[in-house]
Every structure is written in C-alpha cells, then in structure tokens.
Amino acid sequence: VKLPGTLEGHSPYNDDLVKDAATKADNLGCRYFFTWNVNRFVLFDRQKYDVPPLDRRIKDWSLGLQLSKPADVGRPDVLAYVRDKFLPGFLSEFAEIFLERKPDWGMPPDDIFIKSLESHLEWPMLLTRDWLAVESERDRTFSLRLLGWMTDEQQWTVLRGDPTEWRHALDRAAQTLCYVLSNRIIFYEAIRVRQPGLPKLAIPPRIADGDAAYKHFQRRFQQAVEATGDYEPLFHPQEQKDWAGPLIFRSPGALDAWRAVLRSVEGYNLRTVPHDVVGKIFQRLISPEERHKFGQHFTHEDVVDVINAFCIRRPDAVVLDPSCGSGSFLVRAYHRKAWLSEQPSAAPGEGRYHKSHQELLQEIFGCDIALFPAHLATLNLAARQIEKEENYPLIARRNFFDVDRGQPFCQVPGARVGKHREMRDVPVPEFHAIVGNPPYVRQELIPRRDQRAPVSQTKEYLQQLVSDAWPGLELSGRSDLHCYFWPAACRFLRDSGYFGFLTSSSWLDVEYGFPLQAWILCHFKLIAIIESTDEPWFEAARVKTCATLLQRCRDEAKRMDNKVRFV
Numbered sequence: 113v114k115l116p117g118t119l120e121g122h123s124p125y126n127d128d129l130v131k132d133a134a135t136k137a138d139n140l141g142c143r144y145f146f147t148w149n150v151n152r153f154v155l156f157d158r159q160k161y162d163v164p165p166l167d168r169r170i171k172d173w174s175l176g177l178q179l180s181k182p183a184d185v186g187r188p189d190v191l192a193y194v195r196d197k198f199l200p201g202f203l204s205e206f207a208e209i210f211l212e213r214k215p216d217w218g219m220p221p222d223d224i225f226i227k228s229l230e231s232h233l234e235w236p237m238l239l240t241r242d243w244l245a246v247e248s249e250r251d252r253t254f255s256l257r258l259l260g261w262m263t264d265e266q267q268w269t270v271l272r273g274d275p276t277e278w279r280h281a282l283d284r285a286a287q288t289l290c291y292v293l294s295n296r297i298i299f300y301e302a303i304r305v306r307q308p309g310l311p312k313l314a315i316p317p318r319i320a321d322g323d324a325a326y327k328h329f330q331r332r333f334q335q336a337v338e339a340t341g342d343y344e345p346l347f348h349p350q351e352q353k354d355w356a357g358p359l360i361f362r363s364p365g366a367l368d369a370w371r372a373v374l375r376s377v378e379g380y381n382l383r384t385v386p387h388d389v390v391g392k393i394f395q396r397l398i399s400p401e402e403r404h405k406f407g408q409h410f411t412h413e414d415v416v417d418v419i420n421a422f423c424i425r426r427p428d429a430v431v432l433d434p435s436c437g438s439g440s441f442l443v444r445a446y447h448r449k450a451w452l453s454e455q456p457s458a459a460p461g462e463g464r465y466h467k468s469h470q471e472l473l474q475e476i477f478g479c480d481i482a483l484f485p486a487h488l489a490t491l492n493l494a495a496r497q498i499e500k501e502e503n504y505p506l507i508a509r510r511n512f513f514d515v516d517r518g519q520p521f522c523q524v525p526g527a528r529v530g531k532h533r534e535m536r537d538v539p540v541p542e543f544h545a546i547v548g549n550p551p552y553v554r555q556e557l558i559p560r561r562d563q564r565a566p567v568s569q570t571k572e573y574l575q576q577l578v579s580d581a582w583p584g585l586e587l588s589g590r591s592d593l594h595c596y597f598w599p600a601a602c603r604f605l606r607d608s609g610y611f612g613f614l615t616s617s618s619w620l621d622v623e624y625g626f627p628l629q630a631w632i633l634c635h636f637k638l639i640a641i642i643e644s645t646d647e648p649w650f651e652a653a654r655v656k657t658c659a660t661l662l663q664r665c666r667d668e669a670k671r672m673d674n675k676v677r678f679v
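Following this line, the structure appears as structure tokens:
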C-alpha cells in the first residue's frame, strides 16, 4: 500500500512497485498479491505474472475517491468508505476467486492496458489542473488567454465567475490536453512496430524544463510523420501555433509524471502485441466511456445505428457528418458500409463485395470546428485497421459553414516524393447520406456581426448562406444553431439521397421552426420523425430530442404522396 500524492503512490501499476510486491509474494509462497494507492486497488495472480504484461491475470477496483495527498487518507469519510463499503465488497469477491469459483476473473488485454494508462495519467492531469488554477489566479492575461482557448478553440461554455464551474473547466482542460498527448504517444509506439528506425519515446535527463520537453515530443512526432509519410493530422492536430499544448509540462513534477507514463507504455511493448489487440486498445481509448472520463460527450450508439440504417442503404454510399465530434456517426457508418458490402444483395453497381479499409475511408467525410473532437474522429477511423499503411480518414478541422464546392474539403497525403508525400486535395463530392448530431447552441449565443467573432460564425452570415443556397428560405434570427446545419449540409446532398439528424425537437412546434418545415416540404420526402419520452438521446440531455429522417426529392407529386411516420 502506498499513499496518494507520494512518488510511489501515483499509480498502483508502477512497475517497481509491482515487482516489489511480486517478490514479497514469492518469498511468502503466496499466490495472490495486490498494489493499492487507496484511489485504486489492483489484484495480481502470481501464477500468471512471469508472462508479457497484457497476458497477466489482473483485476482493477477504482474507489472513486480522487485523493491527492497523504493527509486525505485519514479523513473520516474516506476511512468509513474503505471500511464499510470497499473492503466488504472486495473480500466477498476475492473469496470467490480464492475458492476458484470465479476462474475468469482477470481483465482482457485491452482493459489491462487502458486501466494502467488511465492510472498513470491521473498524476499529470492533477498537476496540470492545479497549475492552471494557480496561474489563472496569479496572471490575468494568462487567465483571459486560457478562457479564450476554452471558448473559442474548444467551443466550451465556461462561466469564469462561478468558482465551481471554473474548477470543472480547469479539470476538463487538463484532461483534454493530457489525453491528446497520451493518444499521440501510443500511436507513435504503434507505428514503431513497422518503423523500427524510429527512436523510443523518452524524456532525456538533460531536459529540465517544460518547453524543452514539448519541443522534444514535437521533434519525435515529426520524425514519425516523415518516416511514414502519413498521420500528420494525428501527430500535429493543431493547424496553427499550439498555445495550450506545452501547458501540461509547466507544473513542478510534470516531467517526472510524464516519464512515468512513458515507462508504463514502454512496458507493454506493442511490437509483441497482435494487431487485433492494438486495434482494441485504440478503440477503447476513444470509446464513449473513456471520452466521457476525459470531458467529452457523445451520442448513444443505438440511436446512431437507427439513423444510419435509414440513411446508408448501399455499400458505396458517400457519407457526411458535418459536425462529427469524435466520430460516433462516422465509425458506425464505417461498420454499416462494411456489412452492406458483404451482403449478397449488394448490386455490382453499388460497390464490390468486401470493401477494404482504404475504400471505406474514401467514402466517409467528417468535419468539426474544434481541435480535440476532430483529432479523436481521425484516430477513431484510423484505428479500425491500425496496421494499414494507407490510412487517411477524411476529417476536416474547420467551420463547416466555410465548406464550399469550389474549395477542397480537406487535404490528405498523396504520392510519395522521396521521404515525403505530396498533399492531395480532396474535393467536396455529392453525398448519398448526411447524418449527425449538430451542436445545440441557443440563438442568444450565436454572435452577431458587430460582436467579436469570425464572420462565418455570425448570425447574419449564416442567414445569408442558407438563403443563397436555397432561394426563398429565410430562417428567423431566433433559430438555434442546428437549424442552419440542415440547409447548409443539404447543399451537397444528391437527389434521392438521405438525411438524418438528431436534434432538439423544438423546431417542430415553435415559430422559428416554420420556415424549416416549409423548406423540408418543398425539397424532401419527410420519411419519419422519431421521438422518445423515456430515453435521453443526448448525454445529460436537458432538451427534448428527436431524430428526423428525410429523402431529397425534386418531384412534387412524389413528395405530396409520401406518408410521414411519427414514431
């Protein structure tokens, strides 16, 4: 047992700590041993210890206490929780393990890796959060810059004047920044499997300050980009100067914390791990559960699958999510298209059977204005087959309302020239299906032209954009942001193509929704509106939601003859 906040107590997965406990168990002839930093308890089976780390039999219990210093352990509430709740539950479960009534009690390999990484990341996240809190109180200029990064670049709603809300925002900032770097670290290690010339990631002893550490990581990531001719959006997701990235190295102790993270990742030696397990690790890293822990929100998979099933009806369907977030709709679209391509009913003109990973990626487009979701969406799709060389998800990190047929949607690596690949423009195609969950932003928060905001994010620009694209459509100034996504996205939807959005349902029965309803009736068959009063389809939903399913149709008679399903 090691106390939280001490050098040895930052993670129960610390290699030296685990080795010491294993040696003591050996000396006593004891089959089971544990490590515990009070926040997290890890049980090991000594009989399955001298094997590769991911093959060990391990189980992890998180107490959810979030203790940060030794003195926290003595708090009456902590002692009562450990004594009255955790220990009785653990001992009851351990009795079943000891009596061999529960033979399959160990975690799967990807779970072992994720739990270990999560545990090691708690240290740098805590240090970063506390440093941000102190620095934002000490330096007003820094505080304003940090607030701008949160609201402008990450698109978060932040109440700086509310101490509790500000603390939550600092937590989320620390989690986001540490999580992005950890993803890049693991992706680098996965690439080293097929690029053995890449040096291992480590922070050399000569590096003693945060800026030098950040530059060191950037050099290593650039080496990976040059060695593969690929993955620049993953290793360098920030298109301009990365102001926030170096902040995770600024706190005292940050370098030691990241050295511990690197040792943890190195200990798993991804060179010896099968591709399917590496793929599962990445899919777990960006799973809804993990994204939620690190401050990201997601759309529940069941409603995503319903919308995709209505809209993606052929294996060669070209699909767009104009506000893709971390890629929930896109990943499920990938799997649906792969499944459709293997069905006997797939006609020859609808894409050949068994579409490859690369073929699927070329037919799935995503866009998001914020750095972290776009980074996750790229990783989410690339991770479907991590071992593939040509692995270029078509994710644009930009304001969707800037997308235009006359300009490239995004750029991806093209033909290799020497050690480098030339960047290739990807044009905006006509889409067979447009799906998604556009952001819910109330009209009061959409900036006007006379406020400080990029022109293409102002209410006047959005109104003009949809009016130019669809003559006669005049959206009310009271329209929420999602209302502009409908006509803006459908500029690129082909005739007979399908559209499915999950949004607030207020447009159905408030005045600002009437122009949108008229536009739908003039250009689409309204296939169905699906609503549930029992299931919150938005995570932590505070608004009533519905799924709207449309098919673009130029024939007025067919539109008028269509029967609408209200489900």
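The number in our numbering is simply the position in the sequence shown, starting from 1, with 112 added.
We put the CB at the ideal spot given by N, CA and C, even for glycine.
All values reported here derive from a predicted model rather than from experimental measurement.
Residue nearest to residue i in terms of C-alpha spacing, selected from the options
i	options	result
Gln159	Asp580, Gly176, Gly218 and Leu177	Gly218
Arg496	Arg444, Ala545 and Asn511	Arg444
Glu542	Ala601, Leu258, Pro566 and Arg536	Ala601
Phe333	Asp323, Arg371, Ala369 and Leu293	Leu293
Pro308	Ala339, Gln330 and Ala320	Ala339
Gln548	Gln474, Glu623, Ser435 and Tyr446	In the sequence under discussion, the amino acid at residue 548 is Gly, which differs from the Gln named in the question. If we check each option's Cα against that of Gly548, Ser435 comes out closest.
Trp370	Leu442, Arg425, Leu289 and Ser616	Leu289
Leu374	Asn420, Tyr300, Arg603 and Leu346	Tyr300
Pro525	Asp537, Arg517, Gln519 and Phe202	Asp537
Ser180	Thr118, Gln330, Leu605 and Trp173	Thr118
Arg296	Ile481, Val337, Gln519 and Pro520	Val337
Glu378	Asn511, His469, Ser228 and Gln330	Ser228
Arg241	Gln335, Gly273, Ala281 and Lys327	Ala281
Ile639	Ser616, Asp673, Thr615 and Thr645	Asp673
Simplified DSSP state of residue i, which is helix, strand or coil
i	result
Phe145	strand
Arg279	helix
Ala137	helix
Trp217	coil
Asp167	helix
His404	Any reading at His404 is ruled out, since the residue's pLDDT is 48, under 50, leaving its predicted position unreliable.
Asp514	helix
Trp608	Checking the sequence, you will find Ser at residue 608 rather than Trp. Strand.
Glu542	coil
Ala207	helix
Arg250	helix
Gly625	helix
Ile632	helix
Asp592	coil
Lys181	coil
Cys665	coil
Ile641	strand
Phe153	strand
Own chain residues within Cβ distance below 8 Å of residue i, not counting five before or after
i	result
Leu633	Arg671
Pro559	Ala565, Gln569, Thr570 and Lys571
Leu175	Val150, Asn151, Arg152, Phe153, Tyr193, Val194 and Phe198
Arg561	Val567, Thr570, Lys571, Glu572 and Tyr573
Rounded straight-line distance, which links the Cα of residue j to that of residue i
i	j	result
Cys245	Ala314	Note that residue 245 is Ala in the sequence shown here, rather than Cys. Their Cα atoms are separated by approximately 28 Å.
Leu310	His544	41 Å
Asp580	Ile476	27 Å
Asp417	Ile641	15 Å
Arg664	Trp631	11 Å
Gln563	Gly589	15 Å
Gly322	Pro550	37 Å
Lys405	Leu452	Its pLDDT being 46, under 50, Lys405 is placed unreliably in this model, and the coordinates cannot settle the point.
Pro358	Lys656	40 Å
Ala302	Trp355	27 Å
Trp173	Ser204	13 Å
Pro505	His447	14 Å
Asp216	Pro188	35 Å
Glu230	Ala320	25 Å
Own chain residues within Cβ distance below 7 Å of residue i, not counting five before or after
i	result
Trp243	Arg362 and Ser363
Ala137	Phe145 and Arg158
Glu120	Lys114, Asn126 and Leu129
Arg666	Asp607
Own chain residues within Cβ distance below 6 Å of residue i, not counting five before or after
i	result
Cys423	Ala545, Val547, Tyr610 and Gly612
Gly407	Note on Gly407: pLDDT 44, under 50, position unreliable in the model; the coordinate value appears next. Taken in chain order, the residues that qualify are Arg284, Gln287 and Thr288.
Leu628	Cys595 and Trp619
Met535	Gln523
Ile419	Val547, Gly612 and Ala659
Near the ligand SAH: residue i beta-carbon under 8 Å from a heavy atom
i	result
Ser180	In the structure shown, the ligand SAH is absent, as is every other ligand, since no ligand is present at all.
Note to self: Count Cβ pairs between the region 610-621 and the region 660-674 that sit closer than 8 Å; are there 3 or more?
What the structure shows: yes
Notebook entry, point to check: Looking at C-beta atoms only, is the number of pairs between the region 554-574 and the region 415-430 that lie closer than 8 Å three or more?
Noted result: no
Next item on the list: Could you tell me whether the region 464-479 touches the region 620-635, where touching means 3 or more Cβ pairs closer than 8 Å?
Entry: no
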